[in-house]
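Undergrad: Heads up: the sequence shown is residues 293 to 518, going by our numbering.
No residue lacks a Cβ here, since even glycine has one placed at the ideal position from N, Cα and C.
My structure is below; once you've seen it, I'll send some questions.
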Amino acid sequence: MKIAVFGTGTVGPAVAAALAKLGHDVVIGTRDPQDTPARTQAGPMGGVPFAQWHAEHSGIAVATFADAAAGSDLIVNATNGSGSLAALDAAGAANLAGKVVMDIANPLDFSRGFPPSLDPVNTDSLGEQIQRTFPDARVVKTLNTMNAAIMVDPASVAGGDHSVFVSGNDADAKTVVAGLLAELGHRDIIDLGDITTARGTEMLLPIWLRLWGALGNADFNFKIAR
Ligand code: NAP
């Protein structure tokens, strides 16, 4: 599948590399495709600087959000939650129309320090904001409840015995996303329902952040025992 991965932080490169390894035709979307590959500083979450990652994955092109989306069948949104609507707007509604938008972003609000709060929250979600703003896109919220390494290598924790959620209005889009999740190695894929259920998974972030603090690392995931 032709896939545009929006995001040059921790998640975007991890997901792009994993999907490319699976044989998909992947391009990374960024605001400035000239400047981004020259970045030698690690992002705020640490990890490998983008320049180094790009040198190690030279087969994955870097393009503007618009060019990446235009040539792709599916878009992965792994941008900062505060910038996701701007990134998708830069991609252009016409380039998103009819396409699956796999939304991994969380609407973390650091304006009052750490740990962040959520905005929107309770009666709205970033997933819904994206679906409302781009009504012709087929938004599926998923993977936002685990760290980037586990997203692409679920077996690295508990042998993969844990859960991932999907939320979205379009049943076919959720089937496509579930297929990609299965390709990545996820086994317990729980369809929560329409895009309003993204409120639930985004609101797992406050407990996820406290678990990170309590456990001292991010190598954990939620398992829904039943
Ligand atoms: P991040 O630092 O949160 O986001 C980096 C990306 O956001 C870059 O591609 C950047 O674009 C884009 N961006 C930032 N502000 C923007 C703006 N105003 N307009 C357009 N684009 C903008 O990276 P991350 O840590 O990989 O997280 C990505 C998303 O996944 C976040 O929403 C995060 O909450 C969620 N998430 C992260 C993890 C994790 O393990 N880190 C786990 C679960 C969910 P440029 O490329 O142009 O700089």
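With H, G and I counted as helix, E and B as strand and the rest as coil, what does DSSP make of Asn-369?
TA: strand
Undergrad: According to DSSP, is Ser-374 part of a helix, a strand, or is it coil?
TA: Ser-374 sits in a helix when the DSSP states are folded into three classes.
Undergrad: Per DSSP, Thr-488 is paired with what?
TA: In DSSP, Thr-488 forms no bridge with anything.
Undergrad: With C-beta atoms as the reference, is Phe-512 less than 8 Å away from Leu-496?
TA: no
Undergrad: Would you list the residues sitting across from Ile-499 in a DSSP beta bridge?
TA: Ile-499 pairs with nothing; no bridge assigned.
Undergrad: Determine the closest residue to Val-456 out of Val-468, Gln-326, Asn-436, Ala-440, with distance taken between C-alpha atoms.
TA: Asn-436
Undergrad: Using C-beta distances below 7 Å, list every residue in its chain close to His-316, excluding the 5 sequence neighbours before and after it, in chain order.
TA: Met-293, Ile-295
Undergrad: Between which two residues does the beta strand (DSSP E) containing Gly-321 stretch?
TA: Taken as a continuous stretch (DSSP letters only), the beta strand (DSSP E) holding Gly-321 covers 317-322.
Undergrad: Output the distance between the C-alpha atoms of Leu-311 and Gly-351, rounded to the nearest integer angstrom.
TA: 12 Å
Undergrad: Any idea which residues DSSP pairs Arg-404 with across the strands?
TA: Partner(s): none; Arg-404 has no beta bridge.
Undergrad: Among Gly-338, Ala-370, Ala-308, Ala-378, which has the Cα closest to the Cα of Val-432?
TA: Selected option, being the one with the closest Cα: Ala-370.
Undergrad: Any heavy atom of the ligand NAP closer than 7 Å to the CB of Ser-374?
TA: Yes, since a heavy atom of the ligand NAP falls inside the 7 Å radius drawn around the Cβ of Ser-374.
Undergrad: Assuming Ala-440 and Ala-306 form a contact by the criterion Cβ under 8 Å, report the distance between their Cβ atoms to the nearest whole angstrom.
TA: The Cβ separation is near 4 Å, so the contact holds.
Undergrad: On a CA-only basis, which of Lys-313, Arg-430, Arg-323 is nearest Gly-301? Give me that one, please.
TA: Arg-323
Undergrad: Return the Cβ separation of Ile-516 and Ile-482 in integer angstroms, given the expectation that the two are a contact with Cβ distance under 8 Å.
TA: The pair is a contact, with the Cβ atoms about 6 Å apart (cut-off 8 Å).
Undergrad: Please determine, among Phe-426, Gly-460, Asp-327, the residue with the shortest C-alpha to C-alpha distance to Ala-378.
TA: Phe-426
Undergrad: Say yes only if the C-beta of Thr-302 is nearer than 7 Å to one or more non-hydrogen atoms of the ligand NAP, and no if none qualify.
TA: Because some heavy atom of the ligand NAP lies under 7 Å away, the Cβ of Thr-302 counts as near it: yes.
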